[in-house]
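Its first residue numbered -9, the sequence shown is counted upward by one per residue in the numbering used here. By construction, the Cβ of each residue, glycine as well, lies at the ideal position given by its N, Cα and C atoms. Please read all numbers here as calculations on a predicted model, not as lab measurements. Data first, discussion second: the structure below is written as structure tokens.
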Amino acid sequence: MHRRRGRPDPQVSIDLTPALDDDQDDTLLTVSTAPGTSAPRRRPPPGPSHPRRQIALAALGGLLVGGATVAAVQLVASQQREISGSTTVAELRGVEMERLTDLVAADRDAAPFAAHLGEDFLLVDVTGDETPRPQYLDDLASGELDFRQFEPTSEILVRLHGRTAVVEHESDVDIAVAGVGVFRHPVRTTVVYERHEDGWSAVHESTAALGDLPRPTQE
């Protein structure tokens, strides 16, 4: 007696993109199967009383309950983009590295660092204090704040949103604060950039200490 071989589960690919796109009026749900299984089926778009998303999800639930093996579900639900390895990402990583280099040199000449900041730039430091662009540049130029090191210790992550970008990284910071002392500690920095005709400008920076903020040392 020969044992009957089990029939392999059909491979199903479901594209919900048209169902979730409010501008599409043609196909609600497209189901395609691997060779040797049933032919692709199309369902007509719902009437006014049946929302597209509810019917698309109900159809997907029916396939799963019926025991079909879903091989791929392509769902376009957001316009958010993250382009790893693109020239724009590489450009922004270079801009951020240059900004940090100019920040360390700002006690000697703050002009190059100032060129990286938008007019409405706002800094939120590790204590939660907010410092607008004019005050920040004055503190750097006067030596009130002296960044002696701001070195990334992680990959500089870049997330693109059209003409806006969010840049994140961890860094080791060595900063002297006049009348307070020197702080050396790791931080996580998030910078929001906006693209203009003359390039990328930082409009917001938020820095959080990793772990407890150490006591300042006197030098």
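For residue i: DSSP bridge partner residues
i      : result
His186 : Gly189
Glu141 : Asp162
Ala155 : Leu150, Tyr183
Asp136 : Ala166
Thr207 : Val172
Thr197 : Thr179
Pro124 : Per DSSP, none; premise fails for Pro124.
Assigned secondary structure, residue i (DSSP; H/G/I helix, E/B strand, else coil)
i      : result
Ala104 : helix
Arg83  : helix
Asp110 : strand
Arg91  : The displayed chain sequence assigns Thr, not Arg, to residue 91. Helix, per DSSP.
Ala131 : helix
Asp202 : coil
Ala29  : Note on Ala29: pLDDT 47, under 50, position unreliable in the model; the coordinate value appears next. The answer is coil: DSSP assigns Ala29 none of H, G, I, E or B.
Arg174 : strand
Gln14  : For Gln14, the predicted model reports a pLDDT of 41, less than 50, meaning its position is unreliable; a value from the coordinates is still stated below. Residue state, collapsed to three classes: coil.
Thr117 : coil
Pro38  : The predicted model places Pro38 with a pLDDT of 48, which falls under 50 and marks its position as unreliable, so this point remains unresolved.
Asp97  : coil
Val60  : Here the model assigns Val60 a pLDDT of 33, short of 50, so the residue's position is not dependable and the matter cannot be decided.
Contact check, residue i vs residue j, beta carbons under 9 Å
i      : j      : result
Asp110 : Val193 : yes
Leu135 : Ala168 : yes
Val163 : Val177 : yes
Leu107 : Leu127 : yes
Asp97  : Phe137 : yes
For residue j and residue i, the rounded distance between their alpha carbons
i      : j      : result
Gln139 : Thr154 : 27 Å
Arg174 : Thr207 : 9 Å
Pro204 : Ser161 : 15 Å
Thr78  : Val148 : 9 Å
Asp202 : Asp115 : 14 Å
Arg90  : Phe103 : Correcting the residue type first, residue 90 is Leu in the shown sequence and not Arg. Distance between the alpha carbons of Leu90 and Phe103 is about 8 Å.
Glu81  : Val156 : 13 Å
Ala95  : Gly152 : 31 Å
Ser76  : Thr143 : 22 Å
Thr121 : Ala105 : 17 Å
His186 : Gln125 : 23 Å
Selection from the options that minimises the alpha carbon distance to residue i
i      : options                        : result
Gly84  : Ala199, Trp190, Thr207         : Trp190
Leu159 : Asp92, Gly152, Glu141          : Strictly speaking, residue 159 in this sequence is His, with Leu absent from that position. The shortest C-alpha separation from His159 is found at Glu141.
Thr179 : His186, Ala166, Thr197, Glu187 : Thr197
Ser132 : Arg149, Ala100, Val114, His151 : Ala100
Glu226 : His186, Leu112, Glu184, Val170 : The structure shown has nothing for residue 226, since the chain only spans -9 to 209.
Glu195 : Val94, Arg123, Pro102, Thr77   : Arg123
Leu93  : Asp119, Val156, Ser144, Ala166 : Ala166
Ala199 : Met87, Ser144, Ala80, Gly118   : Gly118
Leu150 : Phe103, Ser144, Gly201, Glu184 : Glu184
Met87  : Ser76, Ile146, Thr77           : Ile146
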